[in-house]
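Heads up, the sequence shown is in my numbering, so the first residue is 13 and it goes up one at a time.
Notes follow once the structure below has been shown.
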Amino acid sequence: MKPCVLKFGGSSVATPERIKAVAEIIKDKRETCDPVVVVSAMGKTTDELLTLAYSISQNPPPRELDMLLSVGERISMALLSMALHDLGVEAVSFTGSQVGIITENKFNRARVLEIKLYRITEALEEGKVPVVAGFQGVSLSKEITTLGRGGSDLTAVALAISLGNVPCEIYTDVPGVFALDPRRFPKARRYRRLDYAVLSEMASSGAKVMHARAVNLAAKYELPFLILSSYEPDRGGTLVEKREHLESPGVKAITTDSVVMYDVEGREGVPLLAKVMGEVRVLNFSHDSTGRHLVLFVPEEERDKALKILSDLNLRFSIREGLSVICVIGWGVGTSPEIHETVFSVVGWEHIFMMSVSDMKMCLVVSRDREEVIVDRLAKKFGLYESPEG
Ligand code: ADP
Ligand code: ASP
Ligand code: MG
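This is the structure we're talking about:
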């Protein structure tokens with residue numbers, strides 16, 4: 013039978029019961045393909061490991077951080093293999109380095125260069141289910157590395173490509189991709205099929221459902237993948253693939269993310285911008301031609317890192333918190349005057365701290381207490397609540 017890659021995220025393996033439920037899904041799947049399983053750390057394990065690290069040191073060496081964080085996935089891969097054995101399925105767990113997931117020499121956010129598939133082919137030939145730890149690899153200089161938060165998606169996509177573009181299923185806690193975060197907006201419309209480009213824009217602006225780098229890698233190799241819920245696998249999900257876009261300008265999704273604004277005074281900040289951007293994920297920046305101000309927007313989870321870097325560079329800056337970036341995503345969004353007008357009429361110019369427009373995306377920074385109302389109104393205007401799925 014042909015291999016297939018099945019990835020289970022942290023929410024799918026959060027408890028022993030969920031691990032057993034996942035084992036059942038894998039067992040059933042064996043009737044149609046030979047599963048290669050990728051698993052994330054249980055629930056909030058990675059967050060807990062990070063907290064533990066920072067309770068020891070304010071400045072943990074990146075190498076040791078990766079050594080620690082890679083443990084989360086090792087726990088779940090071993091437990092899932094045990095659960096499979098109990099169901100009579102021979103399974104064998106492997107770390108990223110054991111299966112030859114080779115990354116660049118960079119800790120915390122390493123890129124995958126190659127997958128050797130070392131032990132995977134062997135296990136499949138022996139009729140066993142390989143269970144691979146997501147989110148980790150081994151660098152060219154043989155150090156354990158991690159791929160960046162949410163990186164198990166990337167492991168799954170990279171494996172499916174290396175195995176020859178085999179079917180790839182991403183199991184999570186929601187049954188697919190919705191036009192809005194379905195946990196906050198339960199009436200959001202679900203997509204049964206979606207183009208890589210839309211999901212890539214969504215992922216890079218706060219929709220956690222799939223890692224942006226994983227979407228881009230799948231697009232590069234035209235690997236279709238299915239996103240579905242491990243809680244309700246029978247509900248189907250969203251097939252993400254290359255779609256010929258005959259779409260007329262239209263809004264497909266709205267994302268939100270919490271951001272922090274840094275206002276850097278003086279000219280000194282400008283030449284140092286590249287240095288800051290190398291270390292921190294800067295969502296957007298603006299700089300006036302007088303050079304008096306450099307304004308940076310960074311995601312809230314990068315707040316402390318940005319604060320430290322700007323302070324270490326001896327820059328003078330002020331910080332503004334409690335902001336949200338709302339992004340409206342779809343084909344032609346950047347060039348449609350009708351869409352722009354609708355957005356401005358809903359948001360109101362006076363409430364916008366920053367705005368950016370690109371081909372498929374229009375993003376606005378607003379005060380967080382207005383976020384929910386604005387998204388709700390925009391969703392109504394653009395028809396993003398339940399209607400015929402498509
Ligand atoms: P996993 O643990 O499986 O990796 P994540 O927490 O990374 O899962 O991603 C799933 C979450 O993504 C969902 O619980 C959902 O709240 C969130 N999400 C945000 N935006 C969307 C969206 N537009 N469609 C689906 N899920 C979304
Ligand atoms: N466990 C890692 C994280 O929490 C990777 C993942 O879940 O994909 O970021
Ligand atoms: Mg995830």
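Note that the Cβ used here is the ideal one computed from N, Cα and C, for glycine as well.
Q) Can you tell which of 250, 243, 86 and 389 has the C-alpha that lies nearest to the C-alpha of residue 211? A) Taking the sequence shown and counting its residues from 1, the one referred to as residue 211 is at position 199. Of the candidates 250, 243, 86 and 389, the one whose C-alpha sits nearest the C-alpha of residue 211 is 250.
Taking the continuous beta strand (DSSP E) assigned at residue 204, which residues delimit it?
-> Position 192 of the sequence shown holds residue 204. Segment: none, residue 204 is in no beta strand (DSSP E) and carries neither H nor E.
- Item | Buried/exposed call for residue 19, threshold 16 Cβ in 10 Å | If you number the sequence shown from 1, residue 19 lands on position 7. It is buried - the Cβ of residue 19 has at least 16 other Cβ atoms within 10 Å.
Which complete alpha helix (DSSP H) runs does the stretch 222–272 hold, if anything under 4 residues is left out? 224–232
Review point. Is there at least one non-hydrogen atom of ligand 1 closer than 8 Å to the beta-carbon of residue 237?
Key: One-based indexing of the sequence shown puts residue 237 at position 225. No, the Cβ of residue 237 stays beyond 8 Å of every heavy atom of ligand 1.
| said: Quick check on residue 311: does DSSP put it in helix, strand or coil? | reply: The residue given as residue 311 occupies position 299 in the sequence shown. In the structure shown, residue 311 sits in a strand (DSSP, three-state: E or B).
- Item | 7 Å Cβ shell around residue 383 - same chain, five flanking residues per side excluded | Numbered from its first residue, the sequence shown carries residue 383 at position 371. 268, 336 and 338, listed in sequence order.
So, helix, strand or coil for residue 289, using DSSP? As a first step, residue 289 is located in the sequence shown; it is residue number 277 there, counting from the start. Correct three-state label for residue 289: helix.
Fill in: Nearest-angstrom Cα separation, counted from residue 121 out to residue 328
Within the sequence shown, residue 328 is the residue found at index 316, counting from 1. Within the sequence shown, residue 121 is the residue found at index 109, counting from 1. In a straight line, the C-alpha of residue 328 is about 28 Å away from that of residue 121.
Around ligand 1, Cβ to any heavy atom closer than 5 Å, ordered along the chain: 21, 22, 23, 184, 185, 186, 189, 190, 193, 195, 219, 220 and 221
Whose C-beta lies closer than 8 Å to the C-beta of residue 283 among residues of the same chain, with five residues either side of it excluded?
The residue given as residue 283 occupies position 271 in the sequence shown. Contacts found: none.
**Message:** So, for residue 105: in the same chain, excluding its five sequence neighbours on each side, which residues have a beta-carbon less than 7 Å away from its beta-carbon?
**Reply:** Counted from its first residue, the sequence shown places residue 105 at position 93. Result list for residue 105: 89, 90, 93 and 143, in chain order.
At the level of alpha carbons, what is the spacing between residue 264 and residue 393? Locating residue 264 in the sequence shown gives position 252, counting from the first residue. Locating residue 393 in the sequence shown gives position 381, counting from the first residue. The straight-line gap from Cα to Cα measures roughly 12 Å.
Query raised in the report: Considering only residues of the same chain and omitting the five flanking positions on each side of residue 110, which have a CB-CB separation below 6 Å?
Result: Looking up residue 110 in the sequence shown gives position 98. Within the same chain, residue 110 has close Cβ partners 131.
Using the three-state DSSP reduction, which class does residue 48 fall into: helix, strand or coil? The residue labelled residue 48 in the question sits at position 36 within the sequence shown. Residue 48 falls in the strand class under three-state DSSP.
_Measuring only the C-alpha atoms, how far is residue 124 from residue 58?_
Residue mapping note: residue 124 aligns to position 112 of the sequence shown, counting from 1. Residue mapping note: residue 58 aligns to position 46 of the sequence shown, counting from 1. Whole-angstrom Cα-Cα distance: 20 Å.
Report task. Use the C-beta contact count for residue 68: other C-beta atoms within 10 angstroms, 16 or more gives buried, fewer gives exposed. Result -> Here residue 68 is taken as the residue at index 56 of the sequence shown, counted from 1. By the neighbour-count rule (16 or more Cβ atoms within 10 Å), residue 68 is not buried but exposed.
Excluding the five sequence neighbours on either side, which residues of its own chain have a C-beta within less than 8 Å of the C-beta of residue 244, listed in chain order? Reading the sequence shown from its first residue, position 232 is the one you call residue 244. Excluding positions up to five away in sequence, the list reads 187.
* Using a Cβ-Cβ cut-off of 7 Å (strictly less than) and excluding sequence neighbours within five positions of residue 47, which residues of its own chain qualify? -> Translated into the one-based positions of the sequence shown, residue 47 becomes position 35. Hits under 7 Å: 16, 18, 38, 41 and 141.
### Message
Please state the DSSP three-state secondary structure of residue 275.
### Response
For the purposes of this step, residue 275 is taken as residue 263 along the sequence shown, with counting starting at 1. Residue state, collapsed to three classes: strand.
Thinking C-beta only, is residue 387 closer than 9 Å to residue 363? Numbered from 1 along the sequence shown, position 351 holds the residue referred to as residue 363. Numbered from 1 along the sequence shown, position 375 holds the residue referred to as residue 387. No; because the gap between Cβ atoms is not below 9 Å, this pair is not in contact.
Can you give the Cα-Cα distance for residue 35 and residue 171, rounded to whole angstroms?
Mapped onto the sequence shown, residue 35 falls at position 23. Mapped onto the sequence shown, residue 171 falls at position 159. Each residue's Cα considered, the two are about 20 Å apart.
Using the C-alpha atoms, what's the distance from residue 200 back to residue 415? Residue 415 lies beyond the stretch modelled for the chain, which goes from 13 to 402, so this question has no answer here.
request  = Flag residue 52 as yes when its Cβ comes closer than 8 Å to any non-hydrogen atom of ligand 3, and as no otherwise.
outcome  = Here residue 52 refers to the residue found at position 40 when the sequence shown is read from its first residue. At least one heavy atom of ligand 3 is nearer than 8 Å to the Cβ of residue 52, so yes.
- Taking the C-alpha atoms as reference points, what is the distance between residue 139 and residue 14? Here residue 139 refers to the residue found at position 127 of the sequence shown. Here residue 14 refers to the residue found at position 2 of the sequence shown. One C-alpha to the other measures close to 12 Å.
Just confirm the distance between the C-beta atoms of residue 147 and residue 85, as a whole number of angstroms; I'd bet it's less than 8 Å.
Looking up residue 147 in the sequence shown gives position 135. Looking up residue 85 in the sequence shown gives position 73. Indeed, because the Cβ distance is near 6 Å, the residues count as touching under 8 Å.
DSSP-derived helix/strand/coil call for residue 356: Residue numbering aside, residue 356 sits at position 344 when the sequence shown is read from its first letter. Of the three classes helix, strand and coil, the one that applies to residue 356 here is helix, per DSSP.
Q. So, is residue 28 buried or exposed, given that buried needs 16 or more other C-beta atoms within 10 angstroms?
A. Residue 28 sits at position 16 when you count from the first residue of the sequence shown. Residue 28 should be labelled exposed.
Helix, strand or coil, according to DSSP, for residue 178 in the structure here?
The sequence position of residue 178 within the sequence shown is 166, counting from 1. Residue 178 falls in the coil class under three-state DSSP.
Tell me whether residue 176, by its Cβ, gets closer than 8 Å to a heavy atom of ligand 3.
Stepping through the sequence shown from its first residue, residue 176 is reached at position 164. Checking every heavy atom of ligand 3 against the Cβ of residue 176, none is found closer than 8 Å.
| query | When DSSP labels each residue in this structure, what does residue 332 get in the three-state scheme? | reply | Counting from 1 along the sequence shown, the entry for residue 332 is found at position 320. Residue 332: strand per DSSP, three-state reduction.
Rounded C-alpha distance that separates residue 216 from residue 96
As a first step, residue 216 is located in the sequence shown; it is residue number 204 there, counting from the start. As a first step, residue 96 is located in the sequence shown; it is residue number 84 there, counting from the start. Cα to Cα, residue 216 sits roughly 35 Å from residue 96.
- Message: As a quick exercise: from 330, 331, 369 and 365, pick the residue whose alpha carbon is nearest that of residue 347.
- Response: Here the question's residue 347 lines up with position 335 in the sequence shown. Of 330, 331, 369 and 365, the residue nearest in Cα terms is 369.
- Task: With DSSP collapsed to three states, give me the class of residue 19.
- Result: In the sequence shown, residue 19 corresponds to position 7, counting from 1. The answer is strand: DSSP assigns residue 19 an E or B state.
Between residue 164 and ligand 2, is there a pair consisting of the residue's CB and a ligand heavy atom that are separated by less than 8 Å?
Counting from one through the sequence shown, the residue named residue 164 turns up at place 152. True, at least one ligand heavy atom lies under 8 Å from that Cβ.
Check: So the alpha helix (DSSP H) residue 387 belongs to, where does it begin and stop?
Finding: Looking up residue 387 in the sequence shown gives position 375. Residue 387 -> alpha helix (DSSP H) spans 380–393.
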